[in-house]
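Visitor:
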Amino acid sequence: MTAPAGAAAASSVLPAPALEVRDLVVRYGRGRKARSSPPAVDRVSFEIAPGETLGLVGESGSGKSTIGKAVLGLQPPSAGTVRVHGQDITGMSLRERSRRVADLRVVFQDPYSSLNPTRTIGQTLVEPLRLMGVTGAEALQRARSGLESVGLPGDAVDRYPTQFSGGQRQRIAIARALVCDPKVIVLDEPVSALDLSTQAQVLNLLADLRDQRGLSLLFIAHDLGVVRFLSQRTVVLYRGQVMESGPAEAVGLTPRHPYTLALTAAAPVPRPGEQAARRNAREAAGFGAASTASPGATGCPFVPRCPLSTDVCVEQRPPLRLIDQSSTACHHAERVPSL
Amino acid sequence: MSALPLDAAANTDLDAGRPGRPGRPGRRLPYFLRRPGGVFGATWLAFVVLASLTAPWWVPYGVAEQDLSNRLALPSADHWLGTDPLGRDLLSRIFSAGAEPLLAAGITVLVAFGIGLTMALIAAERGPRVERVSSRLAEVLLALPSTILLLAVIGAIGVRIFIVMAVLGVMISAGVYRVMLGVAKSVRQRLYVDAARVNGLSSLRVNLVHVLPSMGTVVAVQAAQLYGIGLLIVAGLAFLGFGPAEPQPSWGFMIQDASSYVFSNPWLLVPTGVVLALTVVAANELADAIASRGSVARTTVRRRRSPARVGATGSADPRPADPGAVLDVRDLHISVDDGPALVTGVSFALQPGRVLGLVGESGCGKTMTARSLMGLLPDGVSVSGGSIRWQGRELVGVSEKDLSAVRGRDIAMISQEPMVALDPMFSVAYQLTQPIRRFRGVGRGEARQIAAQLLRQVGIVDGERVLKSYPHQLSGGMAQRVCIALALTGEPRLLIADEPTTALDVTVQAEILSLLRALVRDTGLSVVIVSHDLGVVADICDDVAVMYAGTVVEDGTAAAVLDEPAHPYTQALLAANPHVADGEPVPTRLASIDGTVPPPGEWPTGCRFASRCLFAQEQCTQRFPSVPAHGSGSVLCTRVEELSRADVTWMSAPTTGPAGHETAPATAQPAPTVGVSR
Amino acid sequence: MLAYVARRLAMAVGTVLAAVLISFLLVHATDTSPGAVRLGPGGTPERIAAENEALGWNDPLHVQFFDYLGGFLQGDLGTSLVNGGSIAGDLADRVPVTAFIALFATILSGIVGVALGVTAAVRGGRVGQLITTGAGVALSLPVFWVGIILVYLLAIQAGLLPATGYVAFADDPAGWFRSLTLPVLALTIGGGAIIARTANAGMREALAQEHIRTLRAMGTPEWRVRYVHALRFASVPVVAVLGIQFIALFGGSVIIENLFALPGLGQAGQAAAASSDFPALVGVVVVATVVVVVINLLLDLVVAVLDPKVRTA
Amino acid sequence: MNRSRTRHPMALRRPTLMRAGVAVLATGALTSLAACGGGGEGGGGASSQSPSDTLAIGLDSDPAPAGYDPLLYSDRQFEFFAPLYDALFVTASDGSIEPSLVAESTNNEDNTQTTLTLRDGVTFDDGSALTAELVKANLDRRSDPDLEAYGALAEGQAAAITDVTVQDEQTVVLTWAQPQATPEANLDGTTGIIVGPAGIADPASLETTPDGSGAYELDEAATTRASTYTLEKNAEHWNADAWDYEGLDYRIITDPQALANALVSGQVDIAGQLKDNAINLVESQQSIVSQGGTIVGFPVTDKLGQTNPAFGEEAARLALLQAIDRESLVNDLHPGARPTVQLFPEESAGFDPALDEEFGYDPERARELLAEAGYPDGFELDITRLGQPEEDLVAIQQQLAEVGITLNFVAATSTDQVFAAVRTDPVLWGPFAVGANPEGFIAGVVYGGFMNMQGAQEPEVEQALGAALGSTGEAQDQARQELNRALVENGWFIPVYEDFTYYGYNADKVAEPPFAGANNYLVLSDVEPAV
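Chains as they are written, first to last, in our numbering: chain A, 1 to 339; chain B, 1 to 678; chain C, 1 to 313; chain D, 1 to 531.
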């Protein structure tokens with residue numbers, strides 16, 4: 001881990017987290033309908049230390065991308081705070097953020113729609129620099145070196161996105177995040193649209209950059225394996241709530257929440273013998289089908305699918321509590337079987 | 001003067017030239033000038049505009065110059081288009097009349113877009129609340145009888161055509177708004193807009209730099225169409241007498257005038273009518289040409305298949321025919337008609353009750369192979385050689401009719417995207433009972449019972465509710481279950497599953513895979529499953545064929561191929577997978593493969609993987625046959641034994657680091673130098 | 001579904017109110033007054049002022065507006081400044097003419113356009129090219145030009161159809177049909193072309209859908225794939241365009257009514273505008289809007305029936 | 001209240017697409033009427049299978065734009081009102097004036113008093129009977145300036161009636177201000193129409209409901225105003241037998257081409273008035289009747305030069321007269337018409353061929369006259385048109401430009417503006433049906449009517465007019481000639497050509513329809529089915 005950067009962090013005794021999310025709630029829509037339906041993100045808190053990578057894992061509808069948007073300011077939160085290096089940016093406009101906390105950037109999932117096809121790579125990369133007041137020539141120079149740092153030739157600045165493959169585009173998107181020399185990058189499913197071989201390249205690149213530059217990454221993904229590769233810590237989300245969080249190894253190998261277990265067990269491994277054993281274990285655990293009815297308003301959201309659930313799970317939302325190295329929101333965490 | 005609606009804009013390709021298409025036309029002609037319609041449209045419009053604006057300097061006669069003794073003349077050397085009822089030269093009058101409608105229609109377009117487009121951009125940016133208000137307003141404006149209102153406006157302010165057309169622009173702006181709102185909203189969903197916002201661009205610049213340019217095609221199409229409509233309306237008003245006062249000519253009034261002579265001098269209707277119609281046609285053709293971006297060669301939806309050259313290529317497959325196989329594919333070649341091959345020399349056999357996986361990266365021909373098994377290749381793509389034998393019967397080259405007898409009944413298919421694989425317009429019950437009645441010859445009531453039973457079979461508990469639902473009311477997993485139930489309606493012997501779980505969550509994927517496995521176990525069904533996920537293959541497949549660049553590079557039983565991969569490509573795929581075995585530490589680096597799969601038509605001779613292979617040598621660029629491996633399987637690598645002897649695998653080989661040298665596709669022409677802001 | 005209908009109804013009412021308001025404001029924006037119109041140029045300023053007072057022209061605008069609305073709700077659109085007749089009565093005679101022409105032209109455009117557009121999409125190749133090109137030309141032809149030529153060819157030269165006029169259905173159903181044929185035909189050429197293009201695009205899009213592949217993979221007969229499934233999918237945009245088309249045809253009836261001497265709304269509007277017959281003008285706009293809104297409401301219901309997403313939303 | 005109370009009749013163009021226009025045709029001693037209003041109505045339907053006992057008549061303009069008070073209109077509209085209302089006298093097809101509501105009439109010796117004995121058994125739509133009181137009540141409206149039909153009967157006008165006395169139930173005595181040569185002629189056609197007591201008591205009711213004693217009644221249910229008027233025969237009518245048809249359908253088709261089309265393709269049996277362009281078409285497939293006596297030209301309205309000083313100069317007006325090349329215009333655009341500089345038609349007693357020689361086309365003379373008037377470089381004049389100007393005007397515009405006179409077209413946005421032109425434009429334009437009674441036209445329109453809103457006076461004209469109206473025989477003919485010449489010499493009216501009024505008819509259905517003498521409207525009661 002590298003030393004924290006930023007004045008706010010330097011002035012405090014303990015290094016302030018690079019990114020801190022506290023009791024975040026996001027509701028979509030307005031009016032009665034929105035208030036009566038469960039929020040997309042429900043009281044989520046986490047922090048990322050400088051140089052640390054936090055994996056945010058969950059299936060569709062878990063709210064992971066919404067959290068990313070709320071952190072970036074693309075989706076106003078209904079409650080809670082977002083701090084970067086101790087500075088509260090929750091209510092800041094996007095312009096203000098970029099002026100005052102230029103060190104928060106993003107890489108999106110889809111390498112095809114994340115680059116404007118009508119602009120050259122150079123124009124795309126220079127755009128944030130110019131806003132930061134960097135002069136033209138220097139901005140272009142930084143764009144070139146940014147491209148080189150992700151393994152692309154500097155003269156790519158004159159080309160258009162359509163002239164690059166998916167993996168290359170994702171590198172460009174990373175370069176765009178990097179040119180501003182940010183401290184925190186939100187990675188929203190950056191490899192899920194890529195083929196296996198390309199995915200490996202991009203993951204390697206991200207790992208290298210993180211280590212070289214001491215970046216803090218908020219890595220949003222649906223694939224526990226990918227998250228485990230890149231993150232130090234993992235937060236598992238289900239229906240907008242944190243189910244479990246802890247060191248990536250611990251969460252991946254010894255899940256303390258039935259949902260984490262279900263998630264881990266469901267991911268197939270490419271070794272037939274081992275996969276057969278995992279499958280049998282999973283089937284024996286008796287998870288409910290994903291399509292079963294929605295959970296009640298109170299209690300644990302995983303109740304309808306959970307083989308361990310009891311009355312208390314229906315009535316009471318389990319608080320996060322620390323078991324071994326992980327925090328888990330399960331009343332029966334101690335009874336969760338190992339894989 | 002019908003205020004024509006904007007042509008349904010839905011068909012305009014927003015994602016003009018998404019992947020793989022040269023982004024900028026460079027110094028070449030704009031793309032729309034490469035179509036005959038576009039050439040005609042642009043040429044004629046340019047001609048009419050130029051000729052009309054310069055009319056005062058070149059027309060042979062003054063607009064008011066009369067020659068009563070030579071009235072209503074047919075075309076002659078003196079009067080190329082003839083003369084009007086006062087003996088005035090038609091050519092001179094037509095082109096002198098042009099400037100006003102051409103400008104006035106332009107004003108309508110400008111005003112309509114100025115308001116409609118701006119409102120659309122604002123509504124798209126400000127979200128649902130603003131949008132609700134502005135959309136309601138637009139709907140109201142759209143429902144007003146614009147022509148009658150226009151008459152009222154003329155009644156109020158007189159024949160000030162430019163103002164009147166501006167008012168029309170205001171009324172039409174509602175239509176523009178409606179079309180543009182959809183486009184703007186979809187553009188705003190593009191991630192680069194979000195990226196620019198995160199970068200802190202002001203909303204004006206986000207709109208100007210990122211949103212508007214991406215809407216350019218649609219804007220151009222709509223504007224050109226609207227321009228044509230505007231021309232018709234200006235002419236219509238002039239036809240009613242609301243045009244420039246005589247002796248100044250106007251197209252509409254010239255036609256009105258000509259209508260009085262339709263019996264005695266029908267020619268008079270021709271020149272003006274044709275020039276007006278041609279100009280409107282030109283605007284529309286130009287719009288069509290602009291809209292054609294992204295579909296330069298419009299493939300037609302023909303369902304005729306070019307007959308395959310059955311057995312035309314000598315079988316390179318050394319293996320004998322497998323008598324026990326239900327499906328025996330030999331030396332299958334698939335290619336784009338008059339284009340490159342997509343799949344070459346693919347052979348595999350499938351035993352009853354077994355699951356075969358076709359695995360590989362995208363662009364390797366897996367899906368084409370799978371689709372060819374049912375004769376469902378896309379238009380313009382066909383089987384160009386080899387054979388597909390289904391229970392001993394050749395399927396290549398048979399008629400569409402015979403194929404449809406096989407489809408659903410013998411071979412069924414489930415696809416990658418369950419949410420769009422069901423017809424959104426019909427209930428689940430209808431979509432299930434329809435084939436059940438056809439396949440099983442039962443009545444409506446019984447079909448419904450069978451449908452409910454099938455749903456239970458695919459693990460749907462509340463079958464009755466699902467039967468009554470429509471596809472959009474189902475979750476992805478539920479939809480895939482319904483799709484599987486649908487595939488089972490004909491009690492097929494073979495199921496082709498094209499990436500059946502890719503779009504689903506991992507827990508749902510596990511459920512669907514379990515379901516498929518249960519079906520195979522219970523019914524003896526054979527399955528061909530296409531997947532890029534080796535984990536899925538490990539989970540469900542008995543056999544596996546690894547495909548790379550249109551051919552099978554390794555096949556055998558799943559256990560053999562995945563546990564002891566022989567081909568470097570298979571090894572590399574496994575090594576790049578971040579899913580480590582339980583208990584193993586996470587690697588700090590993943591193995592990667594440089595570059596990308598070469599596109600069809602650019603395959604090298606010899607090993608197609610050679611350019612990316614860590615072990616490639618000179619010999620790999622020569623042709624070589626596949627060698628037997630994994631018992632009944634094979635591997636297509638000339639160095640396989642050598643590597644195996646040396647005990648070298650991809651996993652153990654050093655990786656090349658992050659700076660892979662990928663070859664970008666389609667970089668044939670140099671990109672224009674667009675100045676990076678200085 | 002109920003909520004959907006209620007929402008559409010509310011929209012319809014709003015549209016009519018907007019029509020009243022806009023035409024009301026437009027009338028008030030002119031530089032003449034109803035008194036002046038009624039009295040003609042002989043009216044002295046005093047007489048005009050008295051007349052205006054009597055007509056309520058000097059009342060506050062909102063009072064006039066709500067008076068008008070009150071009358072409108074009771075079916076009273078006021079009396080003509082020109083001939084003193086009941087505007088509602090006059091328009092009641094005229095609405096059917098315009099409405100039937102617009103309706104038939106819309107329906108015929110729909111039938112012809114869908115047939116051609118679907119053929120072009122299904123057949124493709126040269127036939128498709130021919131149809132799409134033909135449609136491109138047809139929709140560019142000015143309706144007044146087409147109308148003149150149709151009259152010349154079919155009515156004057158061939159003597160097949162009446163050139164002008166309207167026969168009430170009650171008087172002579174066959175004559176009624178014949179009297180509508182030419183105007184409907186003239187409108188259908190352009191309207192059908194637009195529908196053909198929409199249907200063609202819709203059908204192409206439909207045939208490219210994943211669910212169509214599913215159907216083919218199930219061995220579904222091709223006619224069923226095309227004409228039950230793809231066509232239904234394509235019909236939603238077609239119906240939407242038909243709605244717009246009806247508005248356009250209805251609003252654009254002026255020319256066609258002049259060309260064929262039809263006693264419809266367009267003529268009434270034109271006459272009212274030319275003679276500054278304000279109440280008549282407002283009446284025409286309002287009545288035209290009501291018809292358009294009602295037809296659109298019906299089409300919205302058709303869309304709801306066709307498209308379960310709308311129905312179940 | 002009636003919109004056209006003070007409407008000034010004049011030539012108007014349909015606010016619609018057609019150039020036709022036509023609108024004002026004044027005849028007899030009566031003022032003309034603007035067949036304006038309602039504008040642009042096209043008309044009526046046509047069933048090719050209409051019952052043979054219905055006569056379908058196509059008209060190029062709405063005959064009742066301001067409602068059903070016949071006194072608001074001129075003789076041109078008599079074609080429409082004759083079946084609904086009866087008049088005191090009517091002009092027969094041979095030109096003779098015949099009693100209609102009048103059983104008998106006598107004049108005193110010096111032609112200053114006329115005694116009318118009314119017909120028995122006449123009833124009105126409101127149920128009441130014809131009485132002498134009613135005739136008086138009708139004629140007592142003559143001072144209402146809005147009633148066009150009474151233009152010449154009002155006080156101070158050429159045929160002013162000073163007193164109407166009821167002698168008994170059936171007898172009424174009229175006293176004229178001046179001796180009248182043919183008093184019956186003053187009371188025929190539209191002027192002679194008698195409106196029923198309900199209509200007289202409440203003229204506003206006539207806006208929507210006719211109240212006449214005619215042989216037909218309006219079928220209001222089947223009528224769409226300004227488009228289709230449907231009339232049904234009243235079998236009880238005293239003269240029912242004279243009318244051959246059970247029903248009359250009037251269809252208003254303002255587009256001249258559409259009107260011709262309607263006739264050719266059989267939707268109407270009779271169509272009037274046809275435009276020159278349509279004649280060929282109609283002649284090739286149907287039949288045509290025509291009637292001369294329509295003078296097309298420019299009435300000068302600003303003889304005092306109030307809005308356009310040039311027109312205060314007689315020489316300037318005459319320059320205009322002589323700057324128009326009528327021969328070429330007529331040869332090319334109106335073959336068959338007759339170029340003329342005089343208001344009196346060729347067939348009328350006051351016609352003088354010498355005038356055409358003397359004041360014919362002479363651009364040199366026109367330039368001299370301009371110089372004489374103080375406008376050596378010419379002058380400009382505005383003329384207001386609703387919609388596009390007619391071909392004739394466009395052609396004349398160029399001819400006038402040759403001598404330096406600039407003719408500008410002002411586009412009107414409403415009929416109101418066109419009506420106002422009688423005060424704002426120096427000249428008007430249109431076809432005027434001078435027809436059978438030129439001196440009546442001059443009295444009611446040119447001198448005492450809307451063409452002289454300024455009240456310009458010219459003793460020469462006034463004197464000749466009085467003589468023409470009051471005398472008989474040769475003295476009258478002499479006076480007519482003098483009147484004609486005086487008008488020309490003073491440049492009060494600038495005629496261009498004498499035209500025909502064309503009616504087309506379907507010879508398979510109807511026999512040739514007769515005009516009312518020298519008038520340019522038809523006698524519908526004499527229209528008979530084809531044999």
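A virtual CB, placed ideally from N, CA and C, is assigned to each residue, including glycine. As the structure is a computational prediction, the values presented were derived from the model and not from experiment.
Looking at the C-beta of D/R225, does it have a partner C-beta in chain C at a distance below 7 Å?
Guide: For D/R225, the answer is yes, since a Cβ of chain C falls inside 7 Å of its Cβ.
Visitor: Just verifying my parser: in three-state terms, what is the DSSP assignment at B/E246?
Guide: Coil, per DSSP.
Visitor: Against chain B, does A/G86 count as a neighbour if the rule is that its beta carbon must be under 7 Å from one of theirs?
Guide: Chain B, which has no Cβ nearer than 7 Å to the Cβ of A/G86, makes this no.
Visitor: How would you call A/F302, buried or exposed, if buried means at least 16 neighbouring beta carbons within 10 angstroms?
Guide: Looking at its Cβ environment, which holds 16 or more other Cβ atoms inside 10 Å, A/F302 is buried.
Visitor: Determine, for A/D103, whether the minimum Cβ-Cβ distance to residues of chain B falls below 7 Å.
Guide: For A/D103, the answer is no, since every Cβ of chain B falls outside 7 Å of its Cβ.
Visitor: For C/T44 and chain B, any beta-carbon pair shorter than 7 Å?
Guide: Judged by the 7 Å Cβ criterion, C/T44 is not in contact with chain B.
Visitor: For C/P45, count neighbouring Cβ atoms within 10 angstroms of its own Cβ and tell me buried if that reaches 16, exposed if not.
Guide: Classification of C/P45: exposed, given that the 10 Å Cβ count is below 16.
Visitor: Assign C/I111 to buried or exposed, taking buried as 16 or more other Cβ atoms, counted over all protein chains shown, within 10 Å of its Cβ.
Guide: Exposed is the call here.
Visitor: Name the chain B residues that come within less than 9 Å of A/L178, Cβ to Cβ?
Guide: By Cβ distance, chain B contributes nothing, its closest Cβ being about 13 Å from A/L178, past 9 Å.
Visitor: Report the partner residues of D/T190 according to the DSSP bridge assignment.
Guide: According to DSSP, which records beta bridges pairwise, D/T190 is partnered with nothing at all.
Visitor: What do you get for D/D94, buried or exposed, if any count of 16 or more other CB atoms within 10 angstroms of its CB means buried?
Guide: It is exposed - the Cβ of D/D94 has fewer than 16 other Cβ atoms within 10 Å.
Visitor: Looking only at C-alpha atoms, which of B/V164, B/S611, B/E641 sits nearest to B/P628?
Guide: Residue B/E641 is the option with its Cα nearest to B/P628.
Visitor: Along the chain, where does the beta strand (DSSP E) containing D/T230 start, and where does it finish?
Guide: Segment 228–233, the beta strand (DSSP E) holding D/T230.
Visitor: What number of angstroms, rounded off, separates the C-alpha of D/A366 from the C-alpha of D/V394?
Guide: Answer to the nearest angstrom: the Cα atoms are 19 Å apart.
Visitor: If we ignore side chains and look at the alpha-carbon of each, how far apart do A/L261 and A/V57 end up?
Guide: Their Cα atoms are separated by approximately 13 Å.
Visitor: Look at the Cβ atom of A/V41, then the Cβ atom of A/L24, and state whether they are nearer than 7 Å.
Guide: Yes, the Cβ-Cβ distance between A/V41 and A/L24 is below 7 Å.
Visitor: Is the shortest distance between the beta-carbon of B/G106 and the beta-carbons of chain C less than 7 Å?
Guide: No, because no Cβ of chain C sits closer than 7 Å to the Cβ of B/G106.
Visitor: Between C/T98 and chain B, is any beta-carbon pair separated by less than 7 Å?
Guide: By this cut-off, C/T98 is not an interface position.
Visitor: Flag B/Y470 as yes if its beta-carbon sits less than 7 Å from any beta-carbon of chain C, otherwise no.
Guide: Output row for B/Y470: interface = yes.
Visitor: Using a Cβ cut-off of 7 Å, pull out every chain B residue sitting near C/D307, in sequence order please.
Guide: By Cβ distance, chain B contributes M425.
Visitor: Which one of D/F379, D/F344, D/A479, D/P363 has the shortest CA to CA distance from D/Q463?
Guide: Minimum Cα distance to D/Q463 is reached at D/A479.
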